[in-house]
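In terms of numbering that gives the first Met the number 0, the sequence shown is residues 0 to 117.
Beta carbons are placed, not taken as given, at the ideal position from N, Cα and C, and that holds for glycine.
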Amino acid sequence: MNKNTQVENVGESLTEAEFSSAIEALKQAIDPEMGVSVQDLGLIYSLQIVKKDKKRQLHVLMALTLLGCPLTAELQTIVKDAIMTYSDFTNVLVQIDPTIVWDPNRISRLARISLGIS
0 MNKNTQVENV GESLTEAEFS SAIEALKQAI DPEMGVSVQD LGLIYSLQIV KKDKKRQLHV
60 LMALTLLGCP LTAELQTIVK DAIMTYSDFT NVLVQIDPTI VWDPNRISRL ARISLGIS
């Protein structure tokens, strides 16, 4: 796990450059309700490259701030679009794990300031 991002590079399957590129792209994926990136909210838990049909696919594992969130599908699309737009990944799968209980302590300092949380 990268201490600066709290995101795990599963199996070290991404190069450092790929990992950094994906993290930067995730900062462009804005949660429509919170107005803050999913990365800064701490919703992204892991990134992993999986080989599928001889192609590399980026798997993004994330949580929700609230189980049963009505914006689940929209958030998945926002994350996928951000990664495909702002990084070199063209094959992306975004999975939401309902067993992960999101922890507000994962919110970045920048997001805390933006949200008015101390």
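Neighbourhood of residue i by C-beta distance below 7 Å, restricted to the same chain and skipping five residues each side
i   : result
P97 : L66
V93 : V59, M61, Q75, V78 and K79
K54 : N90
Same chain, Cβ closer than 6 Å to residue i, five either side skipped, listed in chain order
i    : result
S86  : S20, A21 and A24
F18  : N8
S107 : D39
Residue closest to residue i, alpha-carbon to alpha-carbon, out of the options
i    : options                : result
N90  : C68, D102, V49 and L40 : V49
E32  : Q5, C68 and N104       : C68
L60  : N8, I29 and S113       : N8
Q47  : H58, K54 and T14       : H58
S36  : K54, S117, I82 and K51 : I82
A110 : G34, S12 and E15       : G34
S113 : S12, D30 and A16       : D30
V6   : E73, R105, A72 and T71 : R105
T14  : F88, D52 and S107      : F88
Q38  : P103, I116 and S117    : P103
Chain-order list of residues whose beta-carbon lies under 8 Å from that of residue i (same chain, five-residue window excluded)
i   : result
T84 : A24 and Q27
A62 : L42, Y44, I95, D96, I99, V100 and W101
K51 : N90
Q56 : I48, V49, K50, N90, V91 and L92
Assumed close pair residue i, residue j - CB separation to whole angstroms, cut-off 8 Å
i   : j   : result
L40 : T76 : In fact, because the Cβ distance is near 17 Å, the residues do not count as touching under 8 Å.
Residue i - DSSP class collapsed to helix/strand/coil
i    : result
K2   : Interpretation of K2 is limited by its pLDDT of 42, a score under 50 that renders its predicted location unreliable; the figure taken from the coordinates is listed afterwards. The answer is coil: DSSP assigns K2 none of H, G, I, E or B.
W101 : coil
What ranges does the beta strand (DSSP E) occupy inside the stretch 18 to 99, keeping only unbroken runs of at least 3 residues that lie completely in it? 43 to 51, 54 to 61 and 91 to 95
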